[in-house]
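Q: In my numbering, each residue's number is its place in the sequence shown (first place is 1) plus 161. What follows is a single structure, and I will ask about it in a moment.
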Amino acid sequence: MTRMKFDHDSSVEVQARRLIEVFGARAYGVARRMQRRNFRKADRARYWAAVARAIRHARTVEQRSGGPRTGEARSRILAATGEAGSA
């Protein structure tokens, strides 16, 4: 398994975008796992819970728009989280 270094100082939206870019459909599960891992550090657990909510919100927005027909899912999620330009 690849180890990654996470920056807890970045905003929730930026972190959600990074997880979506790296993990794709598994991003929500990764954020929830990070929340459980940091349960003794309340501020970090809340941070990861907010990241998971942002990912779930982006996924919900994508499903309401009809869902991706091809490989455009990632760009729709990025647009929903506020990053329209990069994919």
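Quick reminder that beta carbons are idealized off the backbone N, C-alpha and C, glycines included.
Return the CA-CA distance between V212 and A188, expressed in angstroms with no decimal places.
A: 10 Å
Q: Quick check: the Cα distance between R214 and T221, rounded to an integer number of angstroms?
A: Roughly 10 Å between the two C-alpha positions.
Q: Can you tell me which of R205, F200, V191, K166 puts its alpha carbon nearest to the alpha carbon of R217?
A: V191
Q: Excluding sequence positions up to five away, which residues of its chain have a Cβ less than 7 Å from the Cβ of R171?
A: The sequence as given places Ser at residue 171; Arg does not occur at that position. Once the five neighbours on either side are set aside, S171 has no close Cβ partner at all.
Q: Apply the 10 Å Cβ neighbour rule to A203 and answer buried if 16 or more other Cβ atoms are within range, or exposed otherwise.
A: exposed
Q: Assign A219 to buried or exposed, taking buried as 16 or more other Cβ atoms, counted over all protein chains shown, within 10 Å of its Cβ.
A: buried
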